[in-house]
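One structure is given here, and the rest of the page talks about it.
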Amino acid sequence: MARQCRQFTPTYAVMADAAAAEKLQQALKQDCPDIKVLSGIEGLETVASLPEVEYVMAAIVGAAGLLPNLAAVRSGKRVLLANKESLVMSGDLFMAEVHRNNATLLPIDSEHNAIFQCMPDGFRAGDAAEGVRKVLLTASGGPFRDWPVGELASVTPQQACNHPNWDMGRKISIDSATMMNKGLEIIEACWLFNLKPSDIQVVIHKQSIIHSMVEYVDGSVLAQLGNPDMKTPIACSLAWPERIESGVNSLDLFEIARLDFEPADVARFPCLRLAMEAVRTGGTAPTVLNAANEIAVDAFLNNHILFTDIPKTIEMTLAEITVREANSIDVILEEDMKTRQMASGLIEKSRRRTAH
C-alpha cells in the first residue's frame, strides 16, 4: 500500500484496521506526509461519500462492501458495482436508496454489464424494461463442469482457484467453481433489472465470449460479446453513456470458431439450487445464504472442509436460521453476524466428529 501511495499520491488511503493505518501513516511520513490515512468501515464510508468524489468503484469482496457502498449511494455518486453481495444482502433497501438519492448504479460484473448494454436506450438500474421477456445469464461452468460428480470431494483449493477463462481472486474463484457466483448473480439481476427469478435462465457457455443475453417479446435476442477481460465492463461504466478505448484486444470470431451452450445442472452445482431457493423465499434468506457461503468458502480455502461440504454447510445453516423480513440494515447486519456464528459452529462440530 505504501508503494501504491507513493506512485499515485492519493488524498486518502484506507486500511482495514487502526494498527495497519498507523503503520502506513508512519511509512509515508517522510515522502508523502499529506496523504491522510483512515481505517475501518468508517474510513471507507468517509471516502465513498466525499463531495469531491464523483465515481466509486465498489469492488470490496463480500459483505464488507455493503456499508461503504450504501454510503456512496446515499451521497448520490456514480457507483460502479462489482460487489454483488450488497444487492444479495439488501436488494430492496439498497435500490430504494439508489432512487431516493438519485445515484447512478452501473454493474461491473461482466454478465450484468452485458445485460445492461442489451437493455433499451435510457434504461436505469431498477427499472422495469419494456418489452423484455427474459434474461439469459451465461456461466462458464468453472473448472469442474466436466468432472465426474463423484470426484468433486477430492478437489483442492488450488484446483478450484484455477479458472479456465478468468483470472480472479480466491474467493470469487471458489464461488465460480461451485457456481454460487452464478446463484448470487441471479439474485443481483433480479434487483438490477426488476426481474422475477423465473425471468432468468442460466446457460452454460464454456467459451465465456457471450457474456449474457436479453430476449424481447418480439423474439429478438440481443447478446453482448467480447474477450473475457474485465477492462471492457469497467471502461463501459466509466464512460457511460459514451464509449472509450479499454485496451482490450478485438474479438476474433474465426479464432473462436464455435460457441457452445448447455443447461446448468443443479445436481452437479447444488449451490445454484440453494441460491434460487433463497431468492424465492426472500426476506433475509439471501443474507443467510451469502454469509454461510463466505464462512464455508473460507473454511475450504483453509483445508478445514471438503469442496463438497461448501453447499452442505450452507444448506444446514439455512435450515437452522429463521428467515425474517429484511426491513432495515440493522436487521440484515444482525442476521449476517448470526449466520456466520452458526455456520462456523456447524463446521467446528463437523471437524470434531471427523477427528474422533
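Residue numbers (the working numbering): 8 to 363.
All residues carry an ideal CB built from backbone N, CA and C; glycine is no exception.
As the structure is a prediction and not an experimental result, all values here were calculated from the model.
Between residue i and residue j, which are expected to be in contact by the criterion C-beta below 8 Å, what is the C-beta distance as a whole number of angstroms?
i, j, result
"Ala-303", "Thr-320", "4 Å"
"Pro-150", "Ala-136", "Incorrect: roughly 34 Å between the Cβ atoms, too far for contact."
"Ile-216", "Pro-270", "The Cβ separation is near 18 Å, so there is no contact."
"Thr-324", "Thr-288", "14 Å between Cβ atoms; not a contact."
"Pro-318", "Thr-163", "Not confirmed; about 17 Å, so no contact."
"Val-44", "Gln-32", "4 Å"
"Leu-159", "Phe-314", "6 Å"
"Lys-84", "Val-105", "Contact flag wrong, Cβ pair sits at about 10 Å."
"Gly-138", "Val-224", "5 Å"
Cα-Cα, which of the options is closest to residue i?
i, options, result
"Gln-165", "Glu-158, Arg-177 and Pro-155", "Arg-177"
"Glu-92", "Ala-350, Pro-155 and Pro-293", "Pro-293"
"Gly-148", "Ile-317, Asn-256, Asn-169 and Leu-281", "Asn-169"
"Leu-340", "Arg-359, Leu-73, Val-286 and Met-187", "Leu-73"
"Arg-265", "Met-283, Leu-281 and Lys-213", "Lys-213"
"Arg-358", "Asp-225, Glu-322, Ile-312 and Leu-87", "Ile-312"
"Pro-75", "Ala-34, Ile-336 and Ile-354", "Ile-336"
"Asp-316", "Val-209, Tyr-19, Val-338 and Cys-278", "Cys-278"
"Ala-89", "Val-105, Phe-15 and Pro-114", "Pro-114"
"Val-228", "Ala-132, Val-60 and Gln-124", "Gln-124"
"Val-131", "Asn-201, Gly-138, Val-95 and Val-156", "As written in the sequence, residue 131 is Arg, which differs from the Val given in the question. Per the Cα distances, Asn-201."
"Ala-350", "Glu-301, Thr-361 and Ala-362", "Glu-301"
"Glu-284", "Ser-205, Glu-104 and Ala-71", "Ser-205"
"Glu-322", "Ala-28, Cys-12, Lys-203 and Leu-353", "Leu-353"
"Val-209", "Met-8, Glu-118 and Gln-37", "Glu-118"
"His-218", "Gly-129, Asn-120 and Pro-17", "Asn-120"
"Ser-257", "Trp-247, Gln-11 and Asn-234", "Asn-234"
"Ile-42", "Gly-133, Phe-15, Ser-97 and Ala-23", "Phe-15"
"Asp-134", "Arg-152, Leu-281 and Lys-203", "Lys-203"
"Pro-102", "Met-344, Asn-334 and Asp-343", "For clarity, residue 102 is Met in the given sequence; the question names Pro instead. Selected option, being the one with the closest Cα: Asn-334."
"Glu-332", "Ser-253, Met-96, Ile-251 and Asp-116", "Met-96"
The beta strand (DSSP E) with residue i in it runs from where to where?
i, result
"Glu-222", "217-223"
"Leu-45", "43-46"
"Thr-145", "139-146"
"Met-175", "It is not in any beta strand (DSSP E) - Met-175 carries neither H nor E in the DSSP assignment."
"Ala-20", "19-22"
Pull up the DSSP beta-bridge partners for residue i, would you.
i, result
"Lys-91", "Note: Lys-91 sits in no beta bridge, so no partner."
"Leu-5", "Since the displayed the chain opens at 8 and closes at 363, residue 5 lies outside it and no answer follows."
"Leu-232", "Ile-217"
"Pro-114", "Leu-88"
"Ser-208", "This sequence places Gln at residue 208; Ser is not what is there. Per DSSP, Leu-143."
"Met-64", "Leu-87"
"Ala-303", "Beta-bridge pairing links Ala-303 to no other residue."
"Pro-366", "Residue 366 is absent from the model: the chain starts at 8 and stops at 363."
Quick check: is any heavy atom of the ligand ATP less than 7 Å from the C-beta of residue i?
i, result
"Phe-314", "The model on display carries no ligand, and the ligand ATP is accordingly not part of it."
Start and end of the alpha helix (DSSP H) containing residue i?
i, result
"Leu-159", "First-last for Leu-159: undefined, no H or E at that position."
"Val-80", "73-81"
"Val-286", "277-288"
"Leu-313", "Run containing Leu-313: none; DSSP gives neither H nor E here."
"Ala-344", "It should be pointed out that residue 344 corresponds to Met in this sequence rather than to Ala. 336-362 is the span of the alpha helix (DSSP H), which, as asked, contains Met-344."
"Met-187", "187-199"
"Ala-246", "238-246"
"Ala-364", "Within the shown structure, residues of the chain are numbered from 8 to 363, placing residue 364 beyond reach of any answer."
"Ile-263", "260-263"
Handout entry: Three CB pairs or more closer than 8 Å across the stretch 76-86 and the stretch 47-64
Key = In this structure the stretch 76-86 touches the stretch 47-64; the number of beta carbon pairs closer than 8 Å is three or more.
Exercise for the section: Tell me, please, whether the stretch 177-192 touches the stretch 238-245 by the rule of three or more beta-carbon pairs shorter than 8 Å. Expected result: Contact between the stretch 177-192 and the stretch 238-245 is not established, with fewer than three Cβ pairs separated by less than 8 Å.
Problem - Cβ contact check for the stretch 138-156 and the stretch 187-197: 3 or more pairs under 8 Å - result: Taking 8 Å as the limit for Cβ pairs, the verdict is that the stretch 187-197 does touch the stretch 138-156.
Handout entry: Cβ contact check for the stretch 268-276 and the stretch 293-312: 3 or more pairs under 8 Å
Key = The stretch 268-276 vs the stretch 293-312: no contact.
Problem - the stretch 44-53 contacting the stretch 63-76, beta-carbon criterion three pairs below 8 Å - result: Flag = yes, the stretch 44-53 and the stretch 63-76 touch.
Exercise for the section: Flag this pair as touching only if the stretch 327-335 and the stretch 308-318 have three or more C-beta atom pairs under 8 Å; answer yes or no. Expected result: No contact exists between the stretch 327-335 and the stretch 308-318.
Handout entry: Touch test, the stretch 104-114 against the stretch 183-192, Cβ-Cβ under 8 Å, three pairs minimum
Key = Cβ pair count under 8 Å is below three, so no.
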